[in-house]
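A.B. asks:
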Amino acid sequence: MDVRDTIIDAVRSALADLGVDPLPDVVQLERPANPEHGDWSTNVAMASAKVAGRNPRELGTALVERLTAVPPPHVVGVEVAGPGFVNFRLAETWLHEVLADVVAAGTDGWGRLDSGAGTRVIVEFVSANPTGPLHAGHGRGACYGDSVARLYERCGYEVEREFYVNDSGVQMQKFAASLAARAAGGEVPEDGYHGQYIVDWAAEMPAGVDPLEWGYERALADHRSVLESMSIHFDSWFSERSMISSGAMDATLADLRAAGAVYEEGGAVWLRSTDHGDDKDRVLVKSDGQPTYLMPDVAYHRDKFARADRLVDVFGADHHGYVVRMHAAMSVLGHDREDLQIVITQLVNLQRDGREVRLSKRTGEMVELAYVVDEVGADAARFTYLLLSVDSAQTFDMDLVASQVNENPVFYVQYAHARIHSVVDRAAAGGSVRGSLAEVDLSLLTHPREVQVMRSLHELPDVVARACRERAPHQVTTWVRELASAFHGFYQDCRVVGPEVDPATTRARLWLVEGVRIGLAVALDLLGVSAPTEMWRDDGDGEA
RNA sequence: GCCCUCGUAGCUCAGUCGGAUAGAGCGACCGCCUCCUAAGCGGUAGGCCACAGGUUCGAUUCCUGUCGAGGGCGCCA
């Protein structure tokens, strides 16, 4: 049982003893920013003051008396402070227990949760049109979606990664026409695609093939290959065409009609989305009998709900208008709003050679994702894409990510992992092994640097839980940078192996190092970034 | 005009269901390798949390409004 739970239980029963009724639903226990405020702190005296009919300080004082009389395990001090906070100071023994838990759980178990309990979730992301290569902007959604999927898996969900292939629209026709025009040596139509890749692909295209089908395969091959190079693997590529042939759209329309959410006007079929917060109703089938883009998308989401309990859609900022109408449609079909999570990732502004590059397939200038990965490496690309909250626009500076290693946090974190392997190897070479956990004396770990490392390790399960709940993998990025920082500090001040280090201390520190290795490995895996066992700086002088 | 996101240190950004003295990296300045990888560590300087109200014991956080930045608003996809 985690210390936090034992403290919360103790607070609860103390409140009950003091006649507080009803007891608060939750007893908040948080880590104070200021070390003087102890290891843990609760605001329960302030929160329950009204119910208890006494002032917060007084209630806090009463709690302190109770808790001091019978302190929970590891607790060595309880004080009331400020407006009524109750602060707990713990002996370092609790962190030694945490470390033992970490290494016992290992990379497979530490920070693994079962909150998902087998709930099936489909994470849909990227879903770029098969009309050209993925560009740098797609990279963000790709890394984000995959990392969210990894978080869900870590939390016990049954996850499917899905790419929706928009393979039956007008855009495909334009793409094919552009390819055909180029292949025939002519100019691309005004409303076609003008990127350099059209020229390149047209040159590749064999004579006599259907440009639409050939271009389609060519684009998909590009998508697959660059995604694979970033360790992003989709479980399914869902074709829009397949829905047309399966009759899914007719069935969906029938369901919407049965729910009374559809009407006809001006020869078109409308969805009454205004009943669900939209500012205007939306056309599902045009007056010429053709479906709008919304129609297959609704049918697609209906199909996904037949296969999963919960959906996550990851879209770029330019699709945010889509959110309300899709929620409206799913609501008509009887799904809870909570079960469809639509995440909008803000734009990526790519910077190269000190200037901004617009990311638009139609205007022609674009930077392919494959180029970015080639230039900066898959690890640096992924880590950089996952550095920020997707709610913030991101400026991705290619030159910075590729060359200025000092400023690049991915190396800082990976270097910590490499250093660990170096230490362990060095220890083994000198005959030092950490031995069995049962025989090691972890209570030797009392240096402030060691304590900081253990505190950081303790946070991982909370970080995973929150990052998953909020679909915010950047919180993992933030945490792993902190763990790396704690480790580098420890490494600086606490020598692990050497003649001047007591063997028992070496053993304890080797276990601490193992704990850090586990933390780094788990977090980097959630981010899809590799954990190298060695890294050597390239000074450019040929010497390693 | 309406909708979405953002506004925190010189720059790039974190900031837990609302908590106590708001953090990190980079940049600037000053230090630390005879020693497990210096892609490292320590220190100094740097803040009206855009602005104005509201909610309350308490607001960077929640609500309203204003200003500013980016994106989106079609029987296009």
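For reference, each letter of the first sequence is one residue, going 7 to 550 in our numbering.
Just so it is clear, CB atoms sit at the ideal spot from N, CA and C, and this is done for glycine as well.
The model shown is predicted, which means the values in this text are computed figures rather than measured ones.
Are the region 206-225 and the region 233-245 touching by the rule of at least three beta carbon pairs closer than 8 Å?
C.D. replies: Short answer: they don't touch.
A.B. asks: Ignore the nearest five residues each way along the sequence and tell me which others in Asp403's own chain have a CB closer than 6 Å to its CB.
C.D. replies: Residue mapping note: residue 403 aligns to position 397 of the first sequence, counting from 1. Result list for Asp403: Gln357, in chain order.
A.B. asks: From what residue to what residue does the alpha helix (DSSP H) around Thr12 run?
C.D. replies: Walking along the first sequence from the start, residue 12 turns up at place 6. Thr12 -> alpha helix (DSSP H) spans Val9 to Asp23.
A.B. asks: For Thr351, does the three-state DSSP call read helix, strand or coil?
C.D. replies: For this step, residue 351 is matched to residue 345 along the first sequence. Thr351: strand per DSSP, three-state reduction.
A.B. asks: Pull up the DSSP beta-bridge partners for Arg288, would you.
C.D. replies: For the purposes of this step, residue 288 is taken as the residue at position 282 of the first sequence. BP columns for Arg288 point to Leu277.
A.B. asks: At the level of alpha carbons, what is the spacing between Glu488 and Thr512?
C.D. replies: Here the question's residue 488 lines up with position 482 in the first sequence. Here the question's residue 512 lines up with position 506 in the first sequence. Each residue's Cα considered, the two are about 24 Å apart.
A.B. asks: May I have the straight-line CA-CA distance separating Ala274 from Glu168, to the nearest angstrom?
C.D. replies: Indexing the first sequence from 1 puts residue 274 at position 268. Indexing the first sequence from 1 puts residue 168 at position 162. Taking the straight line from one Cα to the other gives about 31 Å.
A.B. asks: With DSSP as the reference, label Ser174 as helix, strand or coil.
C.D. replies: Looking up residue 174 in the first sequence gives position 168. If DSSP states are grouped into helix, strand and coil, Ser174 belongs with coil.
A.B. asks: From Ala155 to Asp315, what does the alpha carbon distance come to, in whole angstroms?
C.D. replies: The residue given as residue 155 occupies position 149 in the first sequence. The residue given as residue 315 occupies position 309 in the first sequence. Rounded to the nearest angstrom, the two C-alpha atoms are 15 Å apart.
A.B. asks: As an exercise, report each continuous beta strand (DSSP E) stretch of at least 3 residues that is fully enclosed by the region 492-521, in chain order.
C.D. replies: Taking only runs of at least 3 residues, no beta strand (DSSP E) segment lies wholly in the region 492-521.
A.B. asks: Give a yes or no on contact between the region 346-356 and the region 285-297, applying the rule of three or more CB pairs nearer than 8 Å.
C.D. replies: Result no; under three Cβ-Cβ pairs closer than 8 Å.
A.B. asks: Relative to the C-alpha of Val457, which candidate in Pro89, Phe496, Val430 and His43 has its C-alpha closest?
C.D. replies: For this step, residue 457 is matched to residue 451 along the first sequence. Nearest option by C-alpha distance: Phe496.
A.B. asks: With distances taken from CA atoms, which of Asp397, Arg477 and Leu516 is nearest Leu533?
C.D. replies: Counting from one through the first sequence, the residue named residue 533 turns up at place 527. When each option's Cα is compared against that of Leu533, the closest is Arg477.
A.B. asks: Kindly indicate which residue of Arg63, Ala16, Arg523 and Glu413 has the alpha-carbon position closest to the one of Ile426.
C.D. replies: Here residue 426 refers to the residue found at position 420 when the first sequence is read from its first residue. Closest option to Ile426, Cα to Cα, is Arg523.
A.B. asks: Report back the beta-carbon spacing between Leu105 and Leu518 to the nearest angstrom; my notes put them in contact at under 8 Å.
C.D. replies: Start at 1 with the first residue of the first sequence, and residue 105 comes out as number 99. Start at 1 with the first residue of the first sequence, and residue 518 comes out as number 512. 6 Å between Cβ atoms; contact.
A.B. asks: DSSP three-state label for Pro297, please.
C.D. replies: Along the first sequence, one-based indexing puts residue 297 at 291. Residue state, collapsed to three classes: strand.
A.B. asks: Let me check understanding here. Comparing Cα to Cα, which of Ala510, Val470 and Ala537 lies closest to Leu157?
C.D. replies: The residue labelled residue 157 in the question sits at position 151 within the first sequence. Comparing Cα-Cα distances from Leu157 to each of Ala510, Val470 and Ala537, the minimum goes to Val470.
A.B. asks: First and last residue of the alpha helix (DSSP H) that includes Glu219?
C.D. replies: In the first sequence, residue 219 corresponds to position 213, counting from 1. From DSSP, the alpha helix (DSSP H) with Glu219 extends over Pro217 to Ser235.
A.B. asks: Grab the span of the alpha helix (DSSP H) containing Tyr328 for me, first residue to last.
C.D. replies: Along the first sequence, one-based indexing puts residue 328 at 322. Counting along the chain, the alpha helix (DSSP H) containing Tyr328 begins and ends at Tyr328 to Val338.
A.B. asks: Let me confirm a value: Asp547 is counted as buried when at least 16 other C-beta atoms fall within 10 Å, else exposed. Which label applies?
C.D. replies: By 1-based counting over the first sequence, the position of residue 547 is 541. Note on Asp547: pLDDT 42, under 50, position unreliable in the model; no value is reported.
A.B. asks: Quick check on the burial criterion: 16 or more other C-beta atoms within 10 angstroms. Buried or exposed for Pro136?
C.D. replies: Locating residue 136 in the first sequence gives position 130, where the first residue counts as 1. So Pro136 counts as buried.
A.B. asks: Give the DSSP-derived three-state secondary structure of Asn93 in the structure shown.
C.D. replies: Counting from 1 along the first sequence, the entry for residue 93 is found at position 87. The answer is strand: DSSP assigns Asn93 an E or B state.
A.B. asks: Any idea if Thr452 is buried or exposed, counting beta-carbon neighbours within 10 angstroms, 16 or more meaning buried?
C.D. replies: For the purposes of this step, residue 452 is identified with residue 446 of the first sequence, where counting begins at 1. Per the 10 Å Cβ criterion, exposed.
A.B. asks: I think Asp309 touches Ala254, with their Cβ atoms under 8 Å apart; what is that distance to the nearest whole Å?
C.D. replies: The residue given as residue 309 occupies position 303 in the first sequence. The residue given as residue 254 occupies position 248 in the first sequence. Confirmed, about 6 Å.
A.B. asks: Find out if the Cβ-Cβ distance for the pair Leu526, His423 is shorter than 7 Å.
C.D. replies: Translated into positions along the first sequence, residue 526 becomes position 520. Translated into positions along the first sequence, residue 423 becomes position 417. It is a contact, given that the beta carbons lie within the stated cut-off.
A.B. asks: Return the CA-CA distance between Glu465 and Asp15, expressed in angstroms with no decimal places.
C.D. replies: To locate residue 465, count along the first sequence from 1; it is residue 459. To locate residue 15, count along the first sequence from 1; it is residue 9. Looking at the two C-alpha atoms, the distance is approximately 20 Å.
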